[in-house]
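Trainee: Starting off with a structure, shown below.
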């Protein structure tokens, strides 16, 4: 069965383009799609996270690179679908988080790691939360 593109082309790029594509799916299949930032109700949030956890489990059980990639794309698709339901466009938020993560380099110009391999935050690192809050507020206007 051939499918047709049901979303209109826009100037959106990056994650905002993916958001529009997933939004088209949500609307075509009668899933919620908020027009402005809205907190998900707990029941719906649990349902979305259960779907994501199913895909994470598929990733953990994957036997091939294709299986792993398929599961990760599905995780991304469900995560973006959750943002669609929340009415939150992701690209500006991703840019804020990327900047915050890249600022985790230490004064010596190198990353430092915790024993589990996670990157450590240097002294003076700024939490992106206030900027995320402002970016979401901008989407409400």
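Numbering (the working numbering), first residue to last: 11 to 151. In this text, a Cβ means the ideal position worked out from N, Cα and C, and glycines have one as well. Bear in mind the structure is a predicted one, so any value in this text is a computation, not a measurement.
Are the CB atoms of residue 42 and residue 146 nearer to each other than 8 angstroms?
Mentor: Going by C-beta atoms, residue 42 is not nearer than 8 angstroms to residue 146.
Trainee: Which residue from 84, 103, 45, 78 puts its Cα closest to that of residue 61?
Mentor: Of the listed residues, the one whose Cα sits closest to residue 61 is 84.
Trainee: Please name the residue, chosen from 98, 40, 136, 100, that lies closest to residue 115 on a Cα-to-Cα basis.
Mentor: The candidate whose alpha carbon is nearest that of residue 115 is 136.
Trainee: Kindly indicate which three-state DSSP category residue 98 falls into: helix, strand or coil?
Mentor: In the structure shown, residue 98 sits in coil (DSSP, three-state: anything other than H, G, I, E or B).
Trainee: Please list, in chain order, all residues of the same chain as residue 91 whose beta carbon is under 8 angstroms from its beta carbon, the five residues on each side excluded.
Mentor: Taken in chain order, the residues that qualify are 32, 35, 36, 41, 58.
Trainee: Looking at residue 122 and the ligand MN, is the gap between the Cβ and the nearest heavy atom below 7 angstroms?
Mentor: Ligands in the displayed structure: none, and consequently the ligand MN is not present.
Trainee: Residue 123 bridges to which residues according to DSSP?
Mentor: Bridge partners of residue 123: 129.
Trainee: Around the Cβ of residue 96, are there at least 16 other Cβ atoms within 10 angstroms (buried) or fewer (exposed)?
Mentor: Residue 96 is buried by the Cβ-count criterion.
Trainee: Could you have a look at residue 144 and say whether DSSP puts it in helix, strand or coil?
Mentor: The answer is helix: DSSP assigns residue 144 an H, G or I state.
Trainee: If you measure from the beta carbon of residue 120 to each beta carbon in chain C, is any gap under 8 angstroms?
Mentor: Checking the listed chains, one finds no chain C in this structure; it contains a single protein chain.
Trainee: Comparing alpha-carbon positions, which option in 140, 119, 142, 20 lies nearest residue 131?
Mentor: The option with the nearest alpha carbon to residue 131 is 119.
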